[in-house]
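Chemist:
Protein chains: 2
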Amino acid sequence: MAGPTTDGRVLRGEETRRAVLHRAVGIASVEGLGALSIGRLATDLGLSKSGVFAGFGSKEELQLATVRAARRIFADAVVAPVADAPPGLPRVRALCEGWLAYSRARVFPGGCFFYEVTAEFDARPGAVRDALAGCAREWSDTVTAALADARAAGALRPDTDLGDLSFALIAVLETANSQAVLHDDATPYERAGRLLLRLLRAEATDPADPALAW
Amino acid sequence: MAGPTTDGRVLRGEETRRAVLHRAVGIASVEGLGALSIGRLATDLGLSKSGVFAGFGSKEELQLATVRAARRIFADAVVAPVADAPPGLPRVRALCEGWLAYSRARVFPGGCFFYEVTAEFDARPGAVRDALAGCAREWSDTVTAALADARAAGALRPDTDLGDLSFALIAVLETANSQAVLHDDATPYERAGRLLLRLLRAEATDPADPALAW
DNA sequence: GAGATATTAGCACGACCGTTCGTGCAGTTT
DNA sequence: AAACTGCACGAACGGTCGTGCTAATATCTC
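Chains as they are written, first to last, in my numbering: chain C, 35 to 248; chain S, 35 to 248.
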């Protein structure tokens, strides 16, 4: 009748996996993937240690699943909504503003999940670092592609270095997150808003472009 | 005869403390302060666990001492050398270039110690976070003071927002470190060099200032 | 020399870690 | 009803964690 996954058992399993991962991304965004412990997750969720373990098979697989779960949350919170914005500068702006809103709103309780966890694993070769590097590349490509649209539409100067510009935008975003969380202070977000605007205006063919009226 | 610390016993103690901390900053810059373990340090250095423990009294004190040790290394590597550079734009430039060189040279094996460890503790209230927030503030103030000199000397526009500009410079530096370490690739440093120059030129009264001939 | 003092070692503790195992139960299939 | 599948359980494994004790050892003071 229905699809091959009408099995109530696997549905139940997926449900607990979801619950575990939801908790896991929260913990990891505050304390890092290293602070994830199977026993702690089990206690927090009222499960047995072995039950949690069985759902992932190994600690590293749990960490990788946590990264994948965070990637989905990030994509839903930041990337997906900009589909509404028209390509070009408006979409670039929507991406940046969406990112700042994502950080401000503490979609992850410890601020940006990827800032926290990438710093933790960037110097530790392994599957986790590879997954995080992939996410970073993906996000960078998203921003660069939006900038490329804007340049192709004539909104940015033809000689604009898209890599440099997307690097600069991302630098401002991440640093705003970092400082805001560290000092528990929202002014970095205001600085970031101003600086994003300046960076784009400096490369815009028309600095008075309404898309840059922040 | 000599000062009150001619005592060979405390000298020996300080020596082991130094050795422990040297190892500790290396580990922490790669794996974080959470990965510091007294037993591991003892094994690595051929000491007894209790000997290492006695030298610090608690795990948190070890972490704090590690942060202080890293702060000194950073100050020696980045802040102290710029005393040679004349105040104003040349000193700003020396700070930024010194920072990039510090990251490139892997003064800490995992890249910038503070990037790694701040991300780890920024959302965890406590003495460690407070110490790191102090270091961040200190570095930010150093950059801002150098910019203030430059503005006072007329090299930067009088309406330059020093806070925004130092934020932007630091954002570029840290993101260069982060991406270079994560992707094991040096091109972020080149991007950073170009962007620092542009940021300063945009605020300079004389964009052709020889101090900005990178 | 004796005695005070500071650093280190040895050992044991309770707690938690990731992991493995055998078992029970709920749902599916025949 | 019987056979099979998949999830979760409790108990236990060897290890490592941070942290206390109690010696032993090196150095200084007298």
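We put the CB at the ideal spot given by N, CA and C, even for glycine.
#1: Select from T178/C, A245/C, F148/C the residue whose C-alpha is nearest the C-alpha of S63/C.
#2: Tell me which residue opens and which closes the alpha helix (DSSP H) that A233/C is part of.
#3: Given 8 Å as the limit, is there contact between the segment 210–227 of chain S and the segment 223–231 of chain C, that is, 3 or more CB pairs closer than that?
#4: Where does the unbroken alpha helix (DSSP H) through C130/S begin, and where does it stop?
#5: Spatial neighbours of P120/C within its chain, please: CB distance less than 7 Å, with the 5 preceding and 5 following residues excluded, ordered by chain position.
#6: Using DSSP's beta-bridge definition, name the partner residues of L196/S.
#7: Residues of the segment 192–214 of chain C in Cβ contact with chain S at a cutoff of 7 Å, in chain order, please.
#8: Less than 8 Å between CB atoms is the rule here; does P120/S satisfy it with respect to chain C?
#9: Does the pairing of the segment 157–166 of chain C with the segment 91–102 of chain C give three or more beta-carbon distances under 8 Å?
#10: Does DSSP put L81/S in a helix, in a strand, or in coil?
#11: If we count the other Cβ atoms within 10 Å of its Cβ and call it buried at 16 or more, is M35/S buried or exposed?
#12: Nearest by alpha-carbon distance to L246/C: which of D193/C, W133/C, V126/C is it?
#13: Quick test of the definition: if touching needs 3 or more C-beta pairs under 8 Å, does the segment 43–62 of chain S touch the segment 204–213 of chain C?
#14: Can you tell me where the alpha helix (DSSP H) holding V59/C begins and where it ends?
#15: Please list, in chain order, all residues of the same chain as A187/S whose beta carbon is under 6 Å from its beta carbon, the five residues on each side excluded.
#16: Would you mind working out which of D240/C, V215/C, A238/C, R43/C sits nearest L134/C, comparing C-alpha positions?
#17: What residues from chain S crowd round P222/C, counting only those whose CB sits closer than 8 Å?
#18: Can a CB atom of chain S be found closer than 8 Å to the CB of V112/C?
#19: Thinking C-beta only, is A205/S closer than 8 Å to A205/C?
#20: Whole angstroms are fine: how far does the CA of Y136/S sit from the CA of C146/S?
#21: For the putative contact between L70/S and V86/S, defined by C-beta atoms under 8 Å, what is the C-beta separation to the nearest angstrom?
#22: Any idea if S200/S is buried or exposed, counting beta-carbon neighbours within 10 angstroms, 16 or more meaning buried?
#23: Compare the C-alpha of A236/C against each of H217/C, A202/C, D219/C, P143/C and name the closest.
#24: List the DSSP bridge partners of L190/S.
#25: Within the continuous alpha helix (DSSP H) that includes V112/C, where are the two ends?
#26: Going by beta-carbon coordinates alone, are T178/C and G160/C separated by less than 8 Å?
#27: Since L70/C is in the alpha helix (DSSP H), which residue starts that stretch and which ends it?
#28: For the alpha helix (DSSP H) containing R102/S, list its first residue and its last residue.
#29: Going by Cα to Cα distance, which pick from F142/C, A157/C, P143/C is closest to G144/S?
#30: With 8 Å set as the bound, which would you pick, yes or no: does the beta-carbon of E94/S sit closer than that to a beta-carbon of chain C?
#31: By Cβ distance below 6 Å, which residues in the same chain neighbour D183/C in space, the five residues on each side in sequence not counted?
#32: What is the rounded straight-line gap between the Cα of L129/S and the Cα of T176/C?
#33: Going by beta carbon distance, what residues of the same chain come within less than 7 Å of T239/C, once the five residues before and after it are set aside?
#34: Look at G68/S and G68/C and say whether their C-beta atoms are less than 8 Å apart.
#35: Below 8 Å on the Cβ atoms is my contact criterion, and I expect A153/S with E150/C to pass it. Report the Cβ-Cβ distance as a whole number of Å.
Modeler: Let me spell this out:
#1: Ranking T178/C, A245/C, F148/C by CA distance to the CA of S63/C puts F148/C first.
#2: Note that residue 233/C is Leu in the sequence shown, not Ala. Boundaries of the alpha helix (DSSP H) around L233/C: 221–237.
#3: No, because fewer than three Cβ pairs between the segment 210–227 of chain S and the segment 223–231 of chain C fall closer than 8 Å, the two stretches do not touch.
#4: Looking at the DSSP string, the run of the alpha helix (DSSP H) that includes C130/S is 123–138.
#5: Result list for P120/C: empty, nothing under 7 Å.
#6: For L196/S, DSSP records no beta bridge to any residue.
#7: Of all residues in the segment 192–214 of chain C, the ones placed with a Cβ closer than 7 Å to any Cβ belonging to chain S are G197, D198, F201, A202, I204, A205, V206, E208, T209, S212, in chain order.
#8: Chain C contact via Cβ: absent.
#9: Judged by Cβ distances under 8 Å, the segment 157–166 of chain C makes contact with the segment 91–102 of chain C, as three or more pairs qualify.
#10: If DSSP states are grouped into helix, strand and coil, L81/S belongs with coil.
#11: Here the model assigns M35/S a pLDDT of 37, short of 50, so the residue's position is not dependable and the matter cannot be decided.
#12: When only C-alpha atoms are compared, the closest one is V126/C.
#13: Output reads no: the segment 204–213 of chain C does not touch the segment 43–62 of chain S.
#14: Where V59/C is concerned, the enclosing alpha helix (DSSP H) stretches over 42–65.
#15: The answer, listed in chain order, is G122.
#16: Nearest C-alpha to L134/C: V215/C.
#17: Near P222/C (Cβ distances below 8 Å), the residues of chain S are F201.
#18: At least 8 Å separates the CB of V112/C from every CB of chain S.
#19: Cβ atoms of A205/C and A205/S: closer than 8 Å.
#20: Their backbone Cα atoms lie some 8 Å apart in a straight line.
#21: Going by Cβ atoms, the distance from L70/S to V86/S rounds to 10 Å, so no, they are not a contact pair.
#22: Counting Cβ neighbours within 10 Å, S200/S comes out buried, since at least 16 surround it.
#23: Selected option, being the one with the closest Cα: A202/C.
#24: The beta-bridge partner set that DSSP reports for L190/S consists of A238/S.
#25: First-last for V112/C: undefined, no H or E at that position.
#26: If you check the CB distance, T178/C and G160/C do not come in under 8 Å.
#27: Run containing L70/C: none; DSSP gives neither H nor E here.
#28: For R102/S, the enclosing alpha helix (DSSP H) covers residues 93–108.
#29: The closest CA to that of G144/S, considering only F142/C, A157/C, P143/C, is found on A157/C.
#30: For E94/S, the answer is no, since every Cβ of chain C falls outside 8 Å of its Cβ.
#31: Hits under 6 Å: P121, G122.
#32: The C-alpha of L129/S lies about 32 Å from the C-alpha of T176/C.
#33: Only G188, A189, L190, R191 meet the Cβ criterion.
#34: Yes, these two residues count as a Cβ contact at 8 Å.
#35: Rounded, the Cβ-Cβ distance is 5 Å, consistent with contact.
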